């Protein structure tokens, strides 16, 4: 997982070095205890090709990490209404050898498909074009123009807010 993390997040726009991959593995050990935590792992024999992790977004909407920028982009009311209690996809990483094969979309589906009400969301950088394209082709909808710092919020294909909000032109 460390190597895939380094491949996925080492290049722009993330630019995270090997120490970030090590820190992620340490952080992951604690994140499995978050409410609603779920994960999917893709393997080829014993080789990790990719994974996704997700959990339930707390209520009230947090203000740490990138959450403050999400609130700034959506507004506090929408962030709370659309995202609190929903399934938040936190990480999705695919090995370079497995990119372009639909694995990212399958991992995304694996960590969100059981959410009966469809309230799933994720945050990414608009500069991460392959990720943005993957989410869009998997039916996810960007609902920010983008958030401060070049971040974009995507709602899952069955998210109920999609039926009530105007589509961007």
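Residue numbers (our numbering): 4 to 172. Just so it is clear, CB atoms sit at the ideal spot from N, CA and C, and this is done for glycine as well. Treat the numbers as computed from the prediction; the structure is a model and nothing was measured.
| Can you name the residues that DSSP bridges to residue 96? | 54
| task | With DSSP collapsed to three states, give me the class of residue 136. | result | helix
| said: In chain order, what are the residue ranges of uninterrupted alpha helix (DSSP H) at least 4 long that sit wholly in the region 67-124? | reply: 70-77 and 106-115
| said: Which of the three DSSP states is assigned to residue 172 in this structure? | reply: Note that residue 172 scores 45 on pLDDT, short of 50, meaning its location in the model is unreliable and no value can be drawn from it.
| Is the beta carbon of residue 7 sitting closer than 7 Å to the one on residue 98? | yes
| What does a CB cutoff of less than 6 Å around residue 161 pick up in its chain, not counting 5 residues either side in sequence? | 121
| task | Spell out a yes or no on whether the region 113-127 and the region 87-94 are touching, meaning 3 or more CB-CB pairs, one atom from each, closer than 8 Å. | result | yes
| query | Taking C-beta to C-beta, are residue 76 and residue 147 nearer than 7 Å? | reply | yes
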